[in-house]
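Below: the structure, in structure tokens.
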Amino acid sequence: MAFSKMYELMANHNGVIVSQIKTEDPSDVSSGSLCPSSPHLYSPSNSGLSNGQTDFSRIMGPVVGSSKSHCQSPEQMALEIYPGVADQSPSSPGSPESHHQDMFCSSTMSGDGIGAVVVSNSDGKSGDSPKKLCLVCGDTASGYHYGVASCEACKAFFKRTIQGNIEYTCPANNDCEINKRRRKACQACRFQKCLKMGMLKEGVRLDRVRGGRQKYRRSQESPYQVHSAPCKKPSIEDNKIITALLNCEPDPLQALPNPALPESELKMVSTLSDLVDRELVSTIGWAKQIPGFTELTLNDQMKLLQTTWAEILSLSLAFRSCTPGSEPLKLYFTRDFTMDEQQASDCHATELYARSIRLVKRLEALGIIREEYLALKALLLANADIQLEEPQSVHKLRDSILNGLQNCVTVFRSTNCVEHLSQLMLCLPLLRQLDAEVRLFWSNVRKDGKVTLNKLFVEMLESNGHLL
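When you line the sequence shown up against full-length UniProt numbering, it's residues 1 to 468, in that order.
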């Protein structure tokens, strides 16, 4: 599909969406599950689209035509406009999907685009908030501690380790599984996972002791001493854009390899294709929650996502793969699905692997933290060098994100903030190179014909004319 055809479809899709909303059965909202019952249903190829409608236009449509935002995650928000998905293959009792089927959330957006989420059950009554999981062990998170959603146990463990300056040694190979049941089995791997998930050493106060606040002897003051009001230091809590990005970051995906395929490079590429497809859906839902993004015209939203998706996914992959000191180097597409140099060679992705590892090493050398990564990822979305309908609105969004990144760097890098920000900006050319490499790799996969790419994936590839 040529870009001009996609543009035509997107330009005319509003009427389709509005008419669909008008004819929608109101009972659909309260009578059934709003979330797909199987992870496989997240694939846009299973959406049952009618002729003349593209996957991308259907996903972007509700920004204009609907004020409701169902389900809990960005992936689900992006998929809310697929009719009939929830009616397929009901989830089995006790499954993670069925646990969430009785709940949906609606967001009332404030003027600056940050929503106050109200969680309801299927009867419309107020209920408990959906539980967030600890990124370290998978237990129920009690909140964001040291920059990461984590439970009380992992928060306390991380705090003890930093305050006590404790060094751990793994009795095995530094790759122990850390979950709720086994989190105490290996302290070394648990601490490394805390760091990998983004916990900040700088967030732990080293002067705090047990037993409450420390008591200091009051110094004798001159009766003529003049007190000046201290200047308020910049605080990450006051950074609205970073706070919003922390809240809308999608949950990690899981690899879903096809059990019918034997272990081979074909199975790996097929699994990667499915992952990228689902991550594209997740990325669209994420973008729609960035303050100010949905205020852009629909065509500008579409163009920004079509132009930057490969850079966004490449940065996410590199950040997940940051494991300082670990050898051999691997790319972490998910926690349970990695690619090393030999596997990349088998999949004919040697150059893509090499460029990705180069970016990983750059991020590790910078010691990039989660907040900086989130702001840089959002900046990629608003920094596309393309023709826009309302460039001033996009520049305003870009400046807002850039100001948030500058504030974040000032808070965490007070001694070398200017140099560090410059080094972060120097990652952008590497990501632009990776964009071309990602599109080339998947174009070759599609031409080869051994792995079928889903509809949305193909549409995003074709949007910039990278497929011949």
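Glycine included, C-beta positions come from ideal geometry on N, C-alpha and C. Nothing here was measured: the structure is a model prediction, and the numbers come from that model.
Residue i, enclosing alpha helix (DSSP H) - first and last residue
i: V136; result: Element bounds for V136: n/a, residue is neither H nor E.
i: A354; result: 350–366
i: G285; result: 265–287
i: Y373; result: 370–382
i: G404; result: 391–412
i: F457; result: 455–463
i: P324; result: From DSSP, P324 is part of no alpha helix (DSSP H); its letter is neither H nor E.
i: D448; result: 427–448
i: N247; result: 240–248
i: R190; result: 187–196
Which residues DSSP lists as bridging residue i, in chain order
i: T334; result: F337
Proximity to residue i [Cα-Cα], best of the options
i: V438; options: N258, R355, V409; result: R355
i: E265; options: M339, L440, I312, L135; result: M339
i: T243; options: Q289, L253, Q187, D399; result: Q289
i: K396; options: T294, S326, T415; result: T294
i: R413; options: Q192, Q306, C151, L366; result: L366
i: G285; options: K159, T271, Q301, S270; result: Q301
i: L296; options: C137, Y332, N258, R398; result: R398
i: F157; options: A185, N173, K132, N174; result: A185
i: K193; options: D448, L313, C154; result: C154
i: L298; options: S422, K159, V418, P391; result: P391
i: D448; options: G164, S270, Q163; result: S270
Whole-Å CB distance - residue i paired with residue j, under 8 angstroms assumed
i: A260; j: L275; result: Contact flag wrong, Cβ pair sits at about 17 angstroms.
i: R362; j: L430; result: 7 angstroms
i: N383; j: N239; result: No, N383 and N239 are not in contact; Cβ-Cβ is about 19 angstroms, not under 8 angstroms.
i: C134; j: A149; result: 7 angstroms
i: L405; j: E372; result: 7 angstroms
i: L245; j: A378; result: 6 angstroms
i: M268; j: Q343; result: 6 angstroms
i: L381; j: T334; result: L381 to T334, Cβ: 22 angstroms. No contact.
Proximal residues to residue i (C-beta, below 8 angstroms), its chain only, five neighbours per side dropped
i: L453; result: S273, D277, W442, V445, R446, L461
i: D175; result: C189
i: S314; result: S356, L359, L431, L434, D435, V438
Residue i - containing beta strand (DSSP E), residue span
i: V148; result: 148–150
i: G203; result: Note, G203: premise wrong, no beta strand (DSSP E); not H, not E.
i: Y144; result: 143–145
Residues of its chain near residue i, where Cβ-Cβ distance is below 6 angstroms and the 5 sequence neighbours each way are ignored
i: L352; result: E437, F441
i: K132; result: A141, A149
i: D435; result: A310, E311
i: D346; result: E265
Own chain residues within Cβ distance below 7 angstroms of residue i, not counting five before or after
i: E364; result: C322, P324
i: T161; result: F191
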